[in-house]
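J.: Protein chains in written order, with the working numbering: chain W, 34 to 509; chain S, 3 to 297; chain P, 8 to 323. The structure under discussion is supplied below as structure tokens; questions concerning it will follow.
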Amino acid sequence: MSNEKKMSRRDLLKLAAAGSTGLVMSGLPVRVIAQDSVTIKVQTAGLDDNTLQPVADIMVARHPNVNVEWVVLTGIDHEEVAAKILALVAAGESIDVGYAATEACQLFAGQGLAAPLDDLVTGDPDQDFWTDFFSDVHPSLVEAMMYEGSLYEPPRDFNAANMYFNTNVLAENGFDVPGPEWTKDDFVEIARGTTKKDDAGNTEAFGYAWTNRLWGSWMPWIFVAGGNLYTEERAPGGDWVWDGYYDGDAAADGRGGGFRWREPIANSPEVVEALQLNVDLWQEGVTPDIEMGSGQTLTGFYSTGLLCMTPAGGFWAGRLGNEGMEKGEFDVQYWPNWRNQKHQFGTGGHWLATVAAAPDEAWEFMKIEVSHEGFQSSQFFNPVIITTPSRRSYSQANAFESTGPANSDVFYGTLDDHPSTSPIPAPPWSNPMTTIFTTGTSNAMSGAMSPKDALDQMQQELEDLTARQPQYYGDD
Amino acid sequence: MTANLMRDPGDVSAGQHRLQVITFVAGKYVPIILLFMLSIVIIAPMVWTFSTSLRKGKDSFTVPPKWLPTDLAIENYAEVFEKVPFDRQIVNSMLITWGTVVGQLVSASLAGYAFARLDFAGRDLLFWVVLATMMIPIQAVVIPVFIFLRNMGLVDTLWSLILPAVPTAFGTFLLRQYFLTIPIELEESGLIDGVNQWQLFYRIYLPLVKPGLAVLAILSFNFHWNEFFRPLIFLIDNENFPITLGIFQLQGYMMTGSIAVVLAGVVMSLVPVIIIFLLGQRYLIEGIMRGAIKG
Amino acid sequence: MTTAKGAEVGGGGILHWLLQDTMDGMRRRRAILGYLFLLPTLLGIFIFTAGPVFVSFGLSLFRWNIFKPPDYVELANYQRLMGDVRIAISFGNTLKFTVLAVATQVSIGLLLAMGVHRITQTAMRYYFRTAFFLPLLMSGAAVAVVMGYIFHKEFGPLNYYLGLMGVQQIPWKTSADWVLITIVIMSAWRNLGFTFVLFLGGLSNISREVLDAADVDGAQGFRRLWSVTIPLLSPQILFAAVTGVIGAVQVFEEPFIMTRGGPGNASRTAVMVLYEAAFKNIEYGYGSAIAVVLFLVILAFTVAQMWMSRRWVFYQ
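Below you can see the structure in the form of structure tokens.
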């Protein structure tokens with residue numbers, strides 16, 4: 034036993050030496066990891082196993098008896114990855130650590146597949162780790178990972194919907210990158226002004242384009258128009274994190290125990306107006322036909338100068354570089370102001386499976402992933418940023434030095450400078466909700482239905498869906 | 003049939019004759035030209051796939067389209083293996099497909115023989131039951147099958163695809179038809195030679211239905227090599243995927259994968275079936291032409 | 008030990024008894040052998056096809072998300088299904104697709120076969136046969152991936168060449184009016200090879216005398232096609248229709264990969280809603296209810312085809 038303790042202490046020393054904030058040795062007994070050979074199964078989305086391998090390497094270096102096995106699940110978007118995880122658990126296969134973005138966080142929590150982390154955090158002898166972590170992570174990200182008072186995932190990354198510009202296209206048409214307070218009308222002017230058509234009336238270069246999905250898409254317009262898909266309330270609880278780790282942080286004031294999205298409001302006038310704006314731009318030929326999973330088209334358009342603006346988050350910075358775009362050829366700005374400038378984001382991280390065979394080692398892995406070492410080695414953030422780090426200290430301008438954009442401070446600024454920013458609606462029934470949302474969207478965006486009719490139908494479907502759900506949220 | 007078109011012009015008048023010649027020439031060449039144009043349209047997507055798979059990623063969407071693989075960007079093919087465990091997935095596809103094909107050949111030849119040549123109570127009823135299940139697609143029963151496989155602990159293993167595919171109503175039906183074409187007299191001569199029942203089936207009958215076995219093997223190979231729906235549901239981890247899912251995966255999250263790399267995967271997935279096709283073309287085409295029909 | 012049919016014989020003895028070649032007890036031996044030979048197939052069909060049909064019926068009466076115990080809800084899933092717009096549209100799409108796809112495959116396959124059948128030159132026949140057959144070797148998934156690019160509105164080669172002919176850009180994948188047609192074209196492209204080869208075989212089986220007799224009667228052009236060729240090919244046409252329908256009602260990966268069922272529900276199919284219900288929304292009971300309806304639809308198709316074949320198919 035003493036041997037194990039010493040090992041862990043040495044780890045802590047290493048951690049302290051490497052960490053940029055300087056951890057204080059607490060002298061409390063550190064958690065002990067068993068010496069028997071243990072395999073933890075970590076599920077990752079997409080092709081992230083290579084990306085996360087350095088984190089696993091740290092884990093194995095510290096605990097040579099632990100073996101990290103990847104369970105790689107893919108899908109075109111979060112809801113498909115979530116479906117795969119559900120199938121995996123349904124098939125009786127156990128995983129120790131699962132991945133979920135905001136889209137599926139409450140889904141796994143609501144099904145009882147993810148374990149609440151409250152006691153693990155508050156009971157962790159290494160409180161400095163958590164003090165340091167929470168001080169580096171905006172409270173809205175933490176709140177977005179909560180469900181009915183409990184925390185289910187330490188946020189690893191997030192992406193807020195900001196507006197990307199192809200600066201060459203802007204310049205050719207006599208525009209500059211707009212300032213942070215630009216408006217919807219400025220946007221429409223730029224979108225129209227950068228659209229080019231041939232003699233036959235076919236658009237040759239588009240002012241604005243997006244992909245049909247829950248995050249991004251036209252959802253940012255719903256928020257700035259003053260609408261939402263569902264009513265947004267805060268569950269009670271969560272004081273342990275706000276009082277315990279965010280005491281004195283004004284940004285944490287008024288936060289609760291996670292969101293409750295109870296009543297669908299998809300056909301409210303604000304939402305109709307937001308969809309109408311997008312349908313108008315499409316009918317004018319400013320926006321191309323929208324598709325699901327059209328990432329190739331979008332990057333193709335954008336990097337070949339056939340597109341001026343598109344909603345994206347920090348994840349696009351490195352990916353555009355990979356597509357051959359040079360620093361300075363693109364830039365980013367806040368979402369334009371309409372009735373307000375409320376931004377939306379989604380955040381991602383790993384959750385601990387209630388069925389985990391090796392919960393201690395799994396938890397240790399989760400901690401390493403969001404530690405300074407994790408952030409310094411993970412290929413999500415190195416050598417270039419391919420998704421926005423949840424930790425403020427890794428989202429600063431220097432992190433985007435090699436790739437751009439010049440306005441990279443808007444990424445974290447969306448959280449710091451826009452207190453109204455909140456997550457995309459994602460109740461525990463987010464999977465069928467997303468299908469209803471994308472279906473209704475393309476009903477309107479293909480001209481098959483008017484925005485109002487499409488949203489009336491969407492509202493009806495959402496009401497039926499919501500009524501079928503068991504009670505996932507408490508009464509008050 | 004061409005002969006029928008060339009009717010004796012004999013005693014028709016000169017004007018009618020010229021008209022007939024024109025009709026004949028047009029009748030002979032216009033369809034060929036049309037067929038030829040259509041064949042180009044049909045082959046074009048495959049040519050485009052091949053040439054784009056050898057083009058640099060950023061040139062994938064060139065307008066006008068290019069047809070010659072000028073860049074020879076072989077690295078797209080290497081990248082397939084970096085993006086997904088394609089080598090492993092090729093092996094998986096091979097195991098799933100061959101496992102299924104061999105299993106089907108064994109089970110269907112036994113069952114087909116029994117239905118065609120053995121006499122027992124309830125044979126016709128059982129045959130009718132087997133035939134009826136031919137119409138039930140896997141999709142209609144996928145939920146119970148998934149639950150069954152889950153209870154057996156087979157989900158996310160290659161067995162989940164092989165085992166349920168081995169019993170084949172279609173294969174049984176097909177081989178029964180082949181066994182039926184073999185004259186019954188043969189059996190009597192076989193018995194005289196002192197062959198036992200197993201030898202009668204294995205040594206005498208089975209070699210005679212080789213064309214049927216070849217047809218079943220090729221059709222089944224093509225079907226299971228290309229299968230998508232069952233793997234999508236019964237397999238979960240990347241490492242267990244066949245290449246159909248590998249190609250799907252290459253499109254990447256939000257389909258941000260490089261088009262050229264995706265197409266390189268498509269081309270590689272085609273190679274084994276094309277080889278099988280070239281080897282078994284005669285059996286396959288003749289099999290479709292004859293075997294599947296007579297009933 | 009190896010007494011012919013004693014109840015006391017051991018395992019090896021039974022095998023020997025079963026296989027021996029004497030006439031003694033032959034009928035019974037062959038009957039037992041028949042059951043033995045059928046066992047793997049029958050057992051497998053019972054476990055993986057026939058049994059699950061009944062299990063589906065049972066499951067459809069429950070509400071079950073697999074993580075919690077199922078709730079017995081009687082016919083609630085069917086009630087919900089009746090009022091579900093998505094289901095109605097998706098089954099409608101499958102029906103439309105099935106009719107269009109089978110009609111296209113059969114008619115164009117027939118025309119191609121008739122064209123190639125006239126060609127006597129071996130090399131040219133070989134070329135056409137290979138060219139038309141090749142797409143059949145591609146998986147539906149690969150076809151959907153490739154065609155997703157070919158049919159792209161702005162960048163796709165197809166719209167480019169149509170544009171040269173003065174055709175406006177067609178929203179193949181993104182318009183509710185076009186998308187089902189696009190999927191029919193894709194599937195016809197892939198499956199033509201099968202119907203083509205089938206009919207080519209059928210044509211070469213038609214005896215010369217019959218055609219000559221038709222010639223003597225003066226049957227020409229369309230009349231000959233309608234009253235001589237098609238009836239003579241009716242067994243092949245029936246087979247093509249039956250296999251075509253079996254394949255078409257299962258349509259899944261083409262729309263799943265290319266359009267995800269969109270725009271709206273315009274390319275969502277019956278199998279896709281089943282997949283979404285069970286494996287995306289973890290509603291196994293509701294998914295089973297959809298599966299039962301799918302099963303009944305297929306049953307209706309089969310019965311209709313059998314009825315038609317009795318009336319219409321002419322065996323030479």
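Glycine included, C-beta positions come from ideal geometry on N, C-alpha and C.
Expressed to the nearest angstrom, what Euclidean distance is found between the alpha-carbon atoms of tyrosine 241(W) and tyrosine 506(W)?
T.: Rounded to the nearest angstrom, the two C-alpha atoms are 38 Å apart.
J.: Smallest Cα separation from glycine 146(P): which of Tyr31(S), Leu221(S), Ile238(S) and Leu21(S)?
T.: Checking the sequence, you will find serine at residue 146(P) rather than glycine. Selected option, being the one with the closest Cα: Leu221(S).
J.: Report the rounded CA-to-CA distance for proline 253(W) versus tyrosine 263(W), giving the unit in angstroms.
T.: Approximately 14 Å, taken between the alpha carbons.
J.: Looking only at C-alpha atoms, which of His226(S), Leu280(S) and Pro213(S) sits nearest to threonine 102(S)?
T.: Of the listed residues, the one whose Cα sits closest to threonine 102(S) is His226(S).
J.: Just how far apart, CA to CA, sit serine 404(W) and alanine 395(W)?
T.: Approximately 14 Å between the Cα atoms of the pair.
J.: Cβ atoms of leucine 119(P) and glutamine 199(S): under 7 Å apart, would you say?
T.: Going by C-beta atoms, glutamine 199(S) is not nearer than 7 Å to leucine 119(P).
J.: At a Cβ cut of 7 Å, what residues of the stretch 300-313 of chain P count as close to chain S, listed as they run along the chain?
T.: Of all residues in the stretch 300-313 of chain P, Leu301, Phe302, Ile305 and Thr309 have a Cβ within less than 7 Å of some Cβ in chain S.
J.: Relative to the C-alpha of alanine 500(W), which residue among Tyr367(W), Glu296(W) and Ala430(W) is closest?
T.: When only C-alpha atoms are compared, the closest one is Glu296(W).
J.: In chain order, what residues of the same chain lie with their CB nearer than 6 Å to the CB of threonine 447(W), ignoring the 5 residues before and after it?
T.: Hits under 6 Å: Ala193, His376 and Thr454.
J.: Relative to chain P, which residues along the stretch 152-169 of chain S have a C-beta separation below 9 Å, given in chain order?
T.: Taking 9 Å as the Cβ-Cβ cut-off against chain P, the residues of the stretch 152-169 of chain S that qualify are Arg152, Leu165, Pro166, Ala167, Val168 and Pro169.
J.: One question on the structure: do proline 146(S) and valine 62(P) come within less than 7 Å of each other, judged by their Cβ atoms?
T.: Yes. Within cutoff.
J.: Only counting the same chain, and skipping five residues up and downstream in sequence, which positions put a Cβ closer than 6 Å to that of phenylalanine 117(S)?
T.: Only Phe129 and Arg178 meet the Cβ criterion.
J.: Just the chain P side, please: which residues come within less than 7 Å of threonine 513(W) by C-beta, in chain order?
T.: Chain W is shown only over 34 to 509; residue 513(W) falls outside these bounds and no answer can be derived.
J.: Just checking: is the beta-carbon of proline 458(W) within a distance shorter than 7 Å of some beta-carbon in chain P?
T.: No, its Cβ sits nowhere closer than 7 Å to a Cβ of chain P.
J.: By alpha-carbon positions, which one of Pro33(S), Leu70(S), Val65(S) and Thr99(S) ends up nearest to valine 275(S)?
T.: The shortest C-alpha separation from valine 275(S) is found at Thr99(S).
J.: Hey, which unbroken runs of the beta strand (DSSP E) at 3 residues or more fall wholly within the stretch 246-303 of chain W?
T.: The stretch 246-303 of chain W contains these whole beta strand (DSSP E) runs: 263-267 and 292-297.
J.: In terms of residues, what are the limits of the alpha helix (DSSP H) holding lysine 400(W)?
T.: Segment 392-402, the alpha helix (DSSP H) holding lysine 400(W).
J.: Less than 7 Å between CB atoms is the rule here; does serine 55(S) satisfy it with respect to chain P?
T.: Cβ-Cβ to chain P under 7 Å: no for serine 55(S).
J.: Cβ closer than 8 Å: which chain P residues qualify as neighbours of glycine 333(W)?
T.: Near glycine 333(W) (Cβ distances below 8 Å), the residues of chain P are Phe162.
J.: Within the 7 Å Cβ cut-off, does leucine 70(S) reach chain P?
T.: No, leucine 70(S) lies away from the interface with chain P (no Cβ there is under 7 Å from its Cβ).
J.: Using a Cβ cut-off of 8 Å, pull out every chain W residue sitting near arginine 267(P), in sequence order please.
T.: Here the neighbours are Ile109, Met325, Gly326 and Thr471.
J.: Expressed to the nearest angstrom, what Euclidean distance is found between the alpha-carbon atoms of tryptophan 50(S) and glycine 209(P)?
T.: Distance between the alpha carbons of tryptophan 50(S) and glycine 209(P): 33 Å.
J.: Just tell me which of Tyr278(W), Met491(W), Leu314(W) and Glu359(W) has its CA closest to the CA of glutamine 160(W).
T.: Among Tyr278(W), Met491(W), Leu314(W) and Glu359(W), the Cα nearest to that of glutamine 160(W) is on Tyr278(W).
J.: If I measure Cβ to Cβ from phenylalanine 158(P) and keep anything under 7 Å in the same chain, skipping five residues before and after, which residues do I get?
T.: Result list for phenylalanine 158(P): Leu165, Trp179, Lys180 and Thr189, in chain order.
J.: Distance cutoff 7 Å, beta carbons only. Does leucine 120(S) sit that close to anything in chain P?
T.: Yes - at least one Cβ of chain P is within 7 Å of the one on leucine 120(S).
J.: Given that a residue counts as buried once 16 or more other Cβ atoms are within 10 Å of its Cβ, and exposed if not, what is arginine 119(S)?
T.: So arginine 119(S) counts as buried.
J.: With DSSP as the reference, label aspartate 78(P) as helix, strand or coil.
T.: The answer is strand: DSSP assigns aspartate 78(P) an E or B state.
J.: Is isoleucine 186(S) close to chain P, meaning its C-beta is less than 7 Å from at least one C-beta of that chain?
T.: It does not; no Cβ of chain P falls within 7 Å.
J.: Does histidine 111(W) pass the burial test, meaning 16 or more other C-beta atoms within 10 Å, or should it be called exposed?
T.: Flag for histidine 111(W) reads buried.
J.: Would you kindly report the start and end of the unbroken beta strand (DSSP E) that includes leucine 385(W)?
T.: Looking at the DSSP string, the run of the beta strand (DSSP E) that includes leucine 385(W) is 377-385.
J.: Pick helix, strand or coil for phenylalanine 279(S), following the three-state DSSP scheme.
T.: In this structure, phenylalanine 279(S) counts as helix in the three-state DSSP scheme.
J.: Which residues in the same chain as isoleucine 238(S) place their Cβ atom closer than 8 Å to its Cβ, once the five residues preceding and following it in sequence are excluded?
T.: Val157 and Asp158.
J.: So what does DSSP say about valine 427(W), is it helix, strand or coil?
T.: Before going on, a small fix: residue 427(W) reads as tyrosine here, not valine. Here tyrosine 427(W) sits in helix by DSSP.
J.: Looking at the C-beta of phenylalanine 55(P), does it have a partner C-beta in chain W at a distance below 7 Å?
T.: By this cut-off, phenylalanine 55(P) is not an interface position.
J.: By the 10 Å Cβ neighbour count, where 16 or more other Cβ atoms means buried, how is lysine 85(S) classified, buried or exposed?
T.: So lysine 85(S) ends up on the buried side.
J.: Can you tell me whether DSSP reads glutamine 312(P) as helix, strand or coil?
T.: Glutamine 312(P): helix per DSSP, three-state reduction.
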